[in-house]
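Here is the structure we will look at, set down as structure tokens.
Residue numbers (this note's numbering): 57 to 647.
See the structure below:
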């Protein structure tokens, strides 16, 4: 069966068996993206509303719309082009009603009870001293000299670091118009603002659904700002290699958090608490359309008709070629069933639902989908809101009896490139009663178990330190710690007895300093052993070479017992040996 036929069959099955069409309005005239849609209980009555930031024509008629079911209940005008909408809780006051934050231009507009509440403005950026100096002397220099200086500065630092005034002047081709522009603005101070490119939320100290959340902003100046939810002040500032296009935030601000950003230059970056600069974990071959981060994976849809899954460290797990360019991507998390899917809207009017890299559902719209949002809408937990490129609005509700199964015909619409040949899922056994009991015991006694572990760990460290000090005091260490004479000692016993041959190996491990005036001495119980050479003079030891010295040891006792022989490396006139070793002699076989 071909790919198109398989998707067509799945589309017919999905429309008939899995989804209920709650709303179809092709004339809604809503133009938006997934980042500008959210579902939230704005009145605290359990009835979730649809909040949409309508882009309008792109230059006018931008509005913030609120839908209750199929009815438009609120509409607010937005001054600048919106780039994101999120709902978040600012405080714990009862009733717990969330606020709505709209990112537009260089401002964040906060609405509470769908009324304007607060406006946060991004801080101004530093102006290049060369640009500031040119505009300060603009009244005393000719227009051509000013434009040439600004053009040279533009080539050196780029357009992004210039103020809007300079960018506007360099765009003017008419000389009289440019002169009038300079005369009008030369007496005013320069200002350089940045704009918000994306927005997300981060729980502050608790992970509850109604817990207080911070706002996370990505800016055109390649920065990340984390705002305090009550005072709306910047609590933390981070930097990215390029402006962020998409953000995915997890964790708690007061504990630990992770921010994954898909930047405009195609890099996938990771940020965590305490980092000032982002770490690049992957480089995409094309621009990102959307980004979804889950516990262990990061899924990215790109403009080159590709769906890629990475690990949290940036390792590519698999790559899937889509049959059509992706327009948007949305996580579908069905909490009641404990399953997580990924929906991808295609330019070919199709919406594919993936479970990992397998297609488990597909349905076709009347137009290509430009934005999606899955969540609770009204009083239905599993609702999918879709906005088409032509401005249509559609709402689908997942049936409670819907089943998503993988089959051979739904293994994927394209080619899967698997970068991990051994990533087959393990057959993990079911949890036994013993495992559950042990888990419960560890949770109840976690503090006591941790204290016992720390006590044993500190005791092991103490015993290790004591043994090390004892070794230093007795010089019973085969390697010297003195950097002046870095020597290594090895010993070997040959023979069955009663006469043994003792081989002593010495090596100078220094980089280029030879060792001189060394002596090898022996100590043993003279009632048991007799040593042929009690003292051996060591010649100069060249670094890197091992020298072997030997002596005979005879067992003079008839008791059939063994003892230890100690070897010392000394250097007159030092009183203590610089190196020593203990040799356990074997029991001699008497003849």
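Ideal Cβ positions, reconstructed from N, Cα and C, are used throughout, including at glycine.
### Query
DSSP state of residue 585, grouped into three classes?
Locating residue 585 in the chain shown gives position 529, counting from the first residue. In the structure shown, residue 585 sits in a strand (DSSP, three-state: E or B).
### Query
residue 628 to residue 640, Cα distance in whole Å?
Indexing the chain shown from 1 puts residue 628 at position 572. Indexing the chain shown from 1 puts residue 640 at position 584. Rounded to the nearest angstrom, the two C-alpha atoms are 27 Å apart.
### Task
Give me whichever residues DSSP pairs with residue 655 in a beta bridge.
A query on residue 655 cannot be resolved here, the shown segment of the chain reaching from 57 to 647 and no further.
### Query
Between the C-alpha atoms of residue 464 and residue 414, what's the straight-line distance to the nearest angstrom?
In the chain shown, the residue the question calls residue 464 occupies position 408. In the chain shown, the residue the question calls residue 414 occupies position 358. Caution applies to residue 464, whose pLDDT of 42 falls short of 50 and renders its modelled position unreliable; the value that the coordinates give is listed next. Linking residue 464 to residue 414 through their CA atoms gives a straight-line distance of about 9 Å.
### Message
Just to confirm my understanding: we take residue 444, look at its own chain, exclude 5 residues before and 5 after, and list those with CB closer than 8 Å. What are they?
### Response
For the purposes of this step, residue 444 is identified with residue 388 of the chain shown, where counting begins at 1. For residue 444, where only same-chain residues beyond five positions count, the Cβ hits under 8 Å are 82, 421, 422, 423, 424, 425, 426 and 450.
### Message
I'd like the span of the alpha helix (DSSP H) that includes residue 331, first residue to last.
### Response
Indexing the chain shown from 1 puts residue 331 at position 275. Note, residue 331: premise wrong, no alpha helix (DSSP H); not H, not E.
### Task
Please list, in chain order, all residues of the same chain as residue 430 whose beta carbon is under 8 Å from its beta carbon, the five residues on each side excluded.
Within the chain shown, residue 430 is the residue found at index 374, counting from 1. Once the five neighbours on either side are set aside, the close Cβ partners of residue 430 are 386, 387, 388, 389, 399, 438, 439, 440 and 441.
### Query
What do you reckon, are the CB atoms on residue 376 and residue 367 nearer than 7 Å?
Position 320 of the chain shown, counted from the first residue, corresponds to residue 376. Position 311 of the chain shown, counted from the first residue, corresponds to residue 367. Contact: no.
### Task
Give a yes or no on whether 7 Å exceeds the smallest Cβ distance from residue 159 to chain B.
In the structure shown, chain B cannot be found, because there is only a single protein chain.
### Task
Evaluate residue 488 with the Cβ neighbour count: other Cβ atoms within 10 Å of its Cβ, from every protein chain shown; 16 or more gives buried, anything less gives exposed.
In the chain shown, counting from the first residue as 1, residue 488 sits at position 432. Classification for residue 488: exposed.
### Endpoints, alpha helix (DSSP H) assigned at residue 203
The residue you call residue 203 lines up with position 147 of the chain shown. Segment 199–213, the alpha helix (DSSP H) holding residue 203.
### Query
Given that a residue counts as buried once 16 or more other Cβ atoms are within 10 Å of its Cβ, and exposed if not, what is residue 448?
Position 392 of the chain shown, counted from the first residue, corresponds to residue 448. So residue 448 ends up on the buried side.
### Task
Determine the direct distance from the alpha carbon of residue 246 to that of residue 217, and round the result to whole angstroms.
On the chain shown, residue 217 is found 161 positions in, with the first residue counted as 1. On the chain shown, residue 246 is found 190 positions in, with the first residue counted as 1. Their backbone Cα atoms lie some 13 Å apart in a straight line.
### Message
Does residue 244 come out as helix, strand or coil in the three-state DSSP assignment?
### Response
Indexing the chain shown from 1 puts residue 244 at position 188. Correct three-state label for residue 244: coil.
### Task
May I ask you to verify whether the region 191–200 touches the region 302–310, counting CB pairs closer than 8 Å and requiring at least 3?
Contact fails: fewer than three Cβ-Cβ distances are below 8 Å.
### Query
According to DSSP, which residues form a beta bridge with residue 603?
Sequence index remark: in the chain shown, residue 603 carries index 547 (1-based). According to DSSP, residue 603 bridges with 562.
### Task
Scan the region 209–290 and note each continuous alpha helix (DSSP H) run of 4 residues or more that stays entirely inside, going in chain order.
220–227 and 231–241
### Message
Taking the alpha-carbon of residue 309 as reference, which of 632, 256, 340 and 360 has the nearest alpha-carbon?
### Response
Here residue 309 corresponds to residue number 253 of the chain shown, with the count starting at 1. Minimum Cα distance to residue 309 is reached at 256.
### Query
What does DSSP give as the partner residues of residue 593 in its beta bridges?
Translated into the one-based positions of the chain shown, residue 593 becomes position 537. Residue 593 is bridged to 575.
### Query
Which partner residues of residue 123 appear in the DSSP bridge assignment?
Along the chain shown, one-based indexing puts residue 123 at 67. DSSP lists 106 and 128 as partners of residue 123.
#### Entry: Residues sharing a beta bridge with residue 623, DSSP
Position 567 of the chain shown, counting from 1, holds the residue named residue 623. DSSP lists 578 and 637 as partners of residue 623.
### Task
Mind checking which residues open and close the alpha helix (DSSP H) that includes residue 492?
For this step, residue 492 is matched to residue 436 along the chain shown. Per DSSP, residue 492 belongs to the alpha helix (DSSP H) from 489–500.
### Query
Would residue 637 pass as a contact of residue 611 if the rule is Cβ separation under 7 Å?
In the chain shown, counting from the first residue as 1, residue 637 sits at position 581. In the chain shown, counting from the first residue as 1, residue 611 sits at position 555. In this structure, residue 611 does not lie closer than 7 Å to residue 637 by Cβ.
#### Entry: Neighbourhood of residue 333 by C-beta, 6 Å cutoff - its chain only, sequence neighbours within 5 removed
Taking the chain shown and counting its residues from 1, the one referred to as residue 333 is at position 277. Cβ within range, chain order: 295.
### Query
Which partner residues does residue 92 have in the DSSP bridge list?
Along the chain shown, read from residue 1 onward, the residue named residue 92 stands at position 36. Its beta-bridge partners do not exist; DSSP assigns none.
### Query
Which residues bound the beta strand (DSSP E) around residue 80?
Here residue 80 refers to the residue found at position 24 when the chain shown is read from its first residue. Taken as a continuous stretch (DSSP letters only), the beta strand (DSSP E) holding residue 80 covers 75–81.
### Task
Evaluate the contact criterion for the region 233–248 versus the region 278–285: three or more CB pairs, one atom per stretch, below 8 Å.
no
### Task
Assign residue 123 to one of two classes, buried (16 or more other C-beta atoms within 10 Å of its C-beta) or exposed (fewer than that).
The residue you call residue 123 lines up with position 67 of the chain shown. Counting Cβ neighbours within 10 Å, residue 123 comes out buried, since at least 16 surround it.
### Query
Given a threshold of 16 other Cβ atoms within 10 Å of its Cβ, counted over all protein chains shown, does residue 140 qualify as buried or as exposed?
Taking the first residue of the chain shown as 1, we reach residue 140 at position 84. With 16 or more other Cβ atoms within 10 Å, it is buried.
#### Entry: Classification of residue 250 by the beta-carbon crowding that lies within 10 angstroms, buried from 16 upward
Residue 250 sits at position 194 when you count from the first residue of the chain shown. Buried.
### contact_flag[the region 96–113, the region 148–168] where n(CB pairs < 8 Å) is 3 or more
yes
### Message
Can you list, in chain order, the residues of its chain with a C-beta nearer than 7 Å to that of residue 633? Leave out the 5 residues immediately preceding and following it.
### Response
By one-based count along the chain shown, residue 633 stands at place 577. Listed in chain order, the non-local C-beta contacts of residue 633 below 7 Å within the same chain comprise 531, 624, 625 and 626, local neighbours out to five positions each way being set aside.
### Among 408, 184 and 391, nearest to residue 380 - alpha-carbon criterion
Your numbering for residue 380 matches position 324 in the chain shown. Looking at the Cα atoms, 408 is the closest of the given residues.
### Task
Within its chain, find whatever has a CB closer than 7 Å to the CB of residue 652; leave out the 5 residues flanking it on each side and keep chain order.
This structure does not reach residue 652, given that the chain is present from 57 up to 647, and the question cannot be answered.
### Message
Measuring only the C-alpha atoms, how far is residue 665 from residue 74?
### Response
No information on residue 665 is available, as it lies outside the stretch 57 to 647 that the chain covers here.
### Query
Within this structure, are the beta carbons of residue 336 and residue 353 separated by less than 7 Å?
As a first step, residue 336 is located in the chain shown; it is residue number 280 there, counting from the start. As a first step, residue 353 is located in the chain shown; it is residue number 297 there, counting from the start. For residue 336 and residue 353, no; Cβs fall outside 7 Å.
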